[in-house]
Amino acid sequence: MAVAMLGKSTVRNADPHNLIVSILDSIEARNWPRLESMQDMPGFASRLSNAELTDLASYLRASYGGQPGDVSADNVKALRAQAGKGR
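Once you know that position 61 of the sequence shown is 163 in the working numbering, the rest is easy, because the numbers rise by one and skip nothing.
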């Protein structure tokens, strides 16, 4: 099952940090009691440029989180650098 994006805290949060990190690093599969399981989402750090990730995060926030689509390339660049240092 793919979790619906609409209204999820990761896209609703005023700070785009968690959304960017999730896209860069991945999200592990989850199983909930009496509910369907959620498949994992691979990380896209090696597949998306900073500009592409900025566009994607901005789109997700604006379309599904009611937030401005104003993720900056500087945000993405800084978080990508942190990921490379093992955060």
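Don't be surprised by glycine CBs; every beta carbon is placed ideally from N, CA and C.
Find the nearest neighbour of residue i within the set the options, judged by alpha-carbon distance.
| i | options | result |
| --- | --- | --- |
| residue 154 | 182, 112, 107, 108 | 182 |
| residue 184 | 164, 111, 123, 115 | 123 |
| residue 110 | 177, 126, 166 | 166 |
How big is the Cα-Cα spacing for residue i and residue j?
| i | j | result |
| --- | --- | --- |
| residue 147 | residue 136 | 33 Å |
| residue 174 | residue 156 | 6 Å |
Short of 6 Å in beta carbon distance, which residues of its chain neighbour residue i, apart from the five on each side in sequence? Order them along the chain.
| i | result |
| --- | --- |
| residue 170 | none |
Looking only at its own chain, which residues have a Cβ that is under 8 Å from the Cβ of residue i, when we skip the five neighbours before and after it?
| i | result |
| --- | --- |
| residue 162 | 107, 113, 121 |
| residue 115 | 121, 167, 169 |
Does the distance from the C-beta atom of residue i to that of residue j stay below 7 Å?
| i | j | result |
| --- | --- | --- |
| residue 144 | residue 128 | yes |
Using a Cβ-Cβ cutoff of less than 7 Å, which residues in the same chain neighbour residue i once the five nearest sequence positions on both sides are dropped?
| i | result |
| --- | --- |
| residue 179 | 152 |
Return helix, strand or coil for residue i, following the three-state DSSP convention.
| i | result |
| --- | --- |
| residue 152 | helix |
| residue 124 | helix |
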